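Asker: My questions will all concern the structure given below.
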Amino acid sequence: MLCDRFVQADTRDYASFRQSFKLTPPQNFNFGFDVVDAIAAKTPDALALLHVDRVGQCRRFSFADIRDQSARIANMLRRQGLKKGDTVLLIMRRAYQYWPLNVALCKLGAVMIPATAQLLPHDISYRCNAASARFIICANDPGILAAVEAALPDCASVEGLFLAGGSRPGWIDLDAQAALESPFYPRRRGKEGTRNTDPLLIYFTSGTTGFPKMAIHDQLYPLGHIATARYWHTNKPGGLHFTISDTGWAKAGWGKIYGQWLCECAVFAYDFDRFDPVKILEMLQTYRISTFCAPPTMYRMLTQNNLAAQYDLTAITHCCSAG
-6 MLCDRFVQAD
4 TRDYASFRQS
14 FKLTPPQNFN
24 FGFDVVDAIA
34 AKTPDALALL
44 HVDRVGQCRR
54 FSFADIRDQS
64 ARIANMLRRQ
74 GLKKGDTVLL
84 IMRRAYQYWP
94 LNVALCKLGA
104 VMIPATAQLL
114 PHDISYRCNA
124 ASARFIICAN
134 DPGILAAVEA
144 ALPDCASVEG
154 LFLAGGSRPG
164 WIDLDAQAAL
174 ESPFYPRRRG
184 KEGTRNTDPL
194 LIYFTSGTTG
204 FPKMAIHDQL
214 YPLGHIATAR
224 YWHTNKPGGL
234 HFTISDTGWA
244 KAGWGKIYGQ
254 WLCECAVFAY
264 DFDRFDPVKI
274 LEMLQTYRIS
284 TFCAPPTMYR
294 MLTQNNLAAQ
304 YDLTAITHCC
314 SAG
């Protein structure tokens, strides 16, 4: 398992494991190159992402696909002027472009600001101004686009808008422009390369007291989720993990990309509009999900009226709850 490269642990028993567990990151770790591209070089056809969109269309992406698509996006964004250290606000719902886009920003050394589709215009402008966001990249959702366009006059630092999954006046078509680029993006060294202490992403807190505050995580953040994925979600090569979360929440970082791919486990994503327990159970049955994580309220809805008993969930080996 790839994650073993980055962990030191004595697994004889829990006490030994708890005392000895230690991350052993290399110098200049980069999730895009050291995880995604490394797996693509070893097992290029291994499944990385199984995505079902709002109308039920299923797309499969191998690690080689993610490597190549992330390279195209990185080349395109670099051509548009994005550089290491620049901040980018992402409002992507669960659109499949989120995964290669995330990896592309890692490779560039740009700083990702995940944001949920629930944000109002004043929430968007606040985040852009607080983090000096240079670009905004969005999924093709009418509500998201309207909120961003309403916020834009108050976003002094924003220089460009990118739309994934469609075209719109005033927006750069992310898919069309990336398709014109090379599927190879070389690892940068020196000042352009990433160091372990460089920022990777910024989460905004919920703002329970006062305004939301920025929580900055460095390039080693993905390694922290080895423990999440391997020892809590029990992810492993050949598995298919499903965490229910919008990509704007921190939970997506825990359960939809970093730790899972470090464990060489595929990620399942379903871009639904509203939670429907029947649809979720259909996904679990149809796609043979092996590990599953959802908030407690969703489990309650899945089990009401003996609903779950009507589906074949025998592929699931482990469930957990958070959120």
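All the letters of the sequence shown, read from the start, carry residue numbers -6 to 316 under the working numbering. Ideal Cβ placement from N, Cα and C applies to all residues, glycine included. Since the structure is predicted, the reported quantities are computational estimates derived from the model, not experimental observations.
Considering only the alpha carbon of each residue, which of Ala262, Asp134, Asp305, Ala302 lies closest to Asp46?
Answerer: Ala262
Asker: Could you tell me which residues DSSP puts in a beta bridge with Pro192?
Answerer: Assignment of beta-bridge partners to Pro192 by DSSP yields Asp211.
Asker: Report the three-state DSSP secondary structure of His115 (helix, strand or coil).
Answerer: helix
Asker: Between Ile309, Tyr280, Phe268, which lies nearest to Thr290 when the distance is taken from Cα to Cα?
Answerer: Phe268
Asker: My parser needs the alpha helix (DSSP H) runs of 4 or more residues fully inside the region 215 to 256; what are they?
Answerer: 243 to 248, 251 to 255
Asker: Using a threshold of 8 Å, state whether the C-beta atoms of Arg86 and Thr240 are closer than that.
Answerer: Yes, the pair counts as a contact, with Cβ atoms nearer than the cut-off.
Asker: Quick check: the region 65 to 73 against the region 171 to 179, are there 3 or more CB pairs under 8 Å?
Answerer: With a cut-off of 8 Å, the region 171 to 179 and the region 65 to 73 count as touching, because enough Cβ pairs lie within range.
Asker: Tell me the DSSP bridge mates of Phe197?
Answerer: Met207
Asker: Hey, would you say Ala157 sits closer than 8 Å to Ala123, going by beta carbons?
Answerer: no
Asker: Here's a check: name, in chain order, each residue in its chain whose Cβ is nearer than 6 Å to the Cβ of Ser9, leaving out the five neighbours to either side.
Answerer: Asp3
Asker: What three-state label does DSSP hand Thr290 in the structure shown?
Answerer: helix
Asker: For the beta strand (DSSP E) holding Val45, just list the boundary residues, first then last.
Answerer: 40 to 45
Asker: Can you tell which of Ser63, Gln73, Gly232 has its C-alpha closest to the C-alpha of Asn95?
Answerer: Ser63
Asker: With DSSP collapsed to three states, give me the class of Arg120.
Answerer: helix
Asker: What would DSSP say about Ile32, mapped onto helix, strand or coil?
Answerer: helix
Asker: Rounded to the nearest angstrom, what separates Met(-6) and Thr201 at their Cα positions?
Answerer: So the alpha carbons of these two residues sit roughly 39 Å apart.
Asker: State the DSSP-derived secondary structure class of Cys(-4), mapped to helix, strand or coil.
Answerer: helix
Asker: Just curious, the beta strand (DSSP E) that Met105 is in, first and last residue?
Answerer: 104 to 107
Asker: Which two residues bound the contiguous beta strand (DSSP E) that contains Ser314?
Answerer: 311 to 314
Asker: Between which residues of its own chain and Ile165 is the CB-CB distance below 8 Å, once the five residues before and five after are set aside?
Answerer: Correct list, in chain order: Gln73, Gly153, Leu154, Phe155, Leu156.
Asker: Just the Cα atoms here: how many angstroms apart are Pro270 and Lys77?
Answerer: 42 Å
Asker: Assign Asn298 to one of two classes, buried (16 or more other C-beta atoms within 10 Å of its C-beta) or exposed (fewer than that).
Answerer: A residue is called buried once 16 or more other Cβ atoms fall within 10 Å of its Cβ, and Asn298, having fewer, is exposed.
Asker: In three-state terms, what does DSSP make of Asp166?
Answerer: strand
Asker: Using the three-state DSSP reduction, which class does Leu83 fall into: helix, strand or coil?
Answerer: In the three-state reduction of the DSSP assignment, Leu83 falls in the strand class.
Asker: Can you name the residues that DSSP bridges to Val260?
Answerer: Leu42, His234
Asker: From Leu75, Thr236, Leu213, Ile250, pick the residue whose C-alpha is nearest to that of Gly316; which is it?
Answerer: Thr236
Asker: For a test of the three-state rule: what should DSSP assign to Lys77, helix, strand or coil?
Answerer: coil
Asker: What are the start and end residues of the beta strand (DSSP E) that includes Cys131?
Answerer: 126 to 132
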